[in-house]
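J.: Residue numbers (mature numbering (1 follows the signal peptide of the UniProt record, and there is no 0)): -24 to -1, 1 to 145.
My questions all concern the structure below.
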Amino acid sequence: MKKTTIFLSAIMMIMAACSSNSNKQQEGTTESTTATTQETVEPSSKEAVITLNAGDDMKFDQTLLTVKEGQTVKLTLHHTGEMAKDVMGHNFVLLAVGVSATDFAMKVIGDKATDYIPADTKDIIAHTKLLGGGESDTIEFPAPAKGTYEFLCSFPGHVGLMKGTLIVE
Ligand SMILES: [Cu+2]
């Protein structure tokens, strides 16, 4: 007799615990406040969309770019400054694997007629036009094989401040 009573009260306690546990779901989803991070916008994983800015301070706003193998890279270079192309020209030149930005810049320093892009383009994977203040140029190219590549602005004297790394992963 005593055993059954204990057993019953145990069951009642369990039931009580269950009912008090009845889930009170929180209403409304917490909405994240406006994102301030500058994430790479990817309309699809097949595309890597990159916007690079460079102004009269002679700097790219990003020096480390990461894309994935197989993606199409859609890159826009925007010259946010005001100075003219022949005094503060900027371009984006992505170099083949193993080509050093500094060596490349030295080689093309006299190539004003071709906007500092050599006739022999074997060292180059992709490049924009040379831009003056307020101008932009968008290029598209397939991401090269996995690896690490250097990019630069090949305008004379700019490589010291204007170079970076593109990683294909
Ligand atoms: Cu430049």
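Just so it is clear, CB atoms sit at the ideal spot from N, CA and C, and this is done for glycine as well.
Taking the alpha-carbon positions, what's the residue 40 to residue 141 distance?
T.: Rounded to whole angstroms, residue 40 to residue 141 spans 5 Å at the Cα level.
J.: Can you name, in chain order, every residue of its own chain whose Cβ lies under 7 Å from the Cβ of residue 124, other than the five neighbours on each side?
T.: The answer, listed in chain order, is 141 and 143.
J.: Quick check: does the Cβ of residue 131 come within less than 7 Å of any heavy atom belonging to ligand 1?
T.: Checking every heavy atom of ligand 1 against the Cβ of residue 131, one is found closer than 7 Å.
J.: Do residue 99 and residue 107 have their CB atoms nearer than 8 Å?
T.: No, the Cβ-Cβ distance between residue 99 and residue 107 is not below 8 Å.
J.: Could you tell me the distance, in whole angstroms, from the CA atom of residue 117 to the CA atom of residue 109?
T.: Their Cα atoms are separated by approximately 24 Å.
J.: Run through DSSP, which three-state label would residue 68 get?
T.: Here residue 68 sits in coil by DSSP.
J.: Using 10 angstroms around the beta-carbon of residue 139, count the other beta-carbons present and answer buried if the total reaches 16, otherwise exposed.
T.: By the 10 Å Cβ count, residue 139 comes out buried.
J.: On the DSSP letters alone, give me the boundaries of the alpha helix (DSSP H) that residue 114 sits inside.
T.: No alpha helix (DSSP H) contains residue 114, which is instead part of the beta strand (DSSP E) from 112 to 118.
J.: Starting from the C-beta of residue 3, find all residues in its chain whose C-beta is less than 6 Å away, skip the five residues before and the five after it, and write them out in chain order.
T.: Residue placement at residue 3 cannot be trusted, given a pLDDT of 42 that sits under 50; what the coordinates show is reported in the next sentence. Nothing listed; no residue qualifies.
J.: Should residue 120 and residue 101 be called a contact, given that it needs their Cβ atoms to be closer than 8 Å?
T.: Cβ distance < 8 Å, so residue 120 and residue 101 count as in contact.
J.: Taking 7 Å as the cut-off, is the beta-carbon of residue 134 closer than that to any non-hydrogen atom of ligand 1?
T.: The answer is yes for residue 134.
J.: According to DSSP, residue 100 sits in a beta bridge with which residue or residues?
T.: Answer by DSSP bridge pairing, in chain order: 71.
J.: Compute the distance between the beta-carbons of residue 67 and residue 53, then report whether it is under 8 Å.
T.: Contact flag set, yes.
J.: For my contact list, residue 94 and residue 105 are in at a C-beta cut-off of 8 Å; report their separation, rounded to the angstrom.
T.: About 15 Å; that fails the 8 Å criterion.
J.: Roughly how many whole angstroms lie between the Cα atoms of residue 8 and residue 45?
T.: A caution first: residue 8 carries a pLDDT of 43, below 50, which makes its placement in the model too unreliable to give a value.
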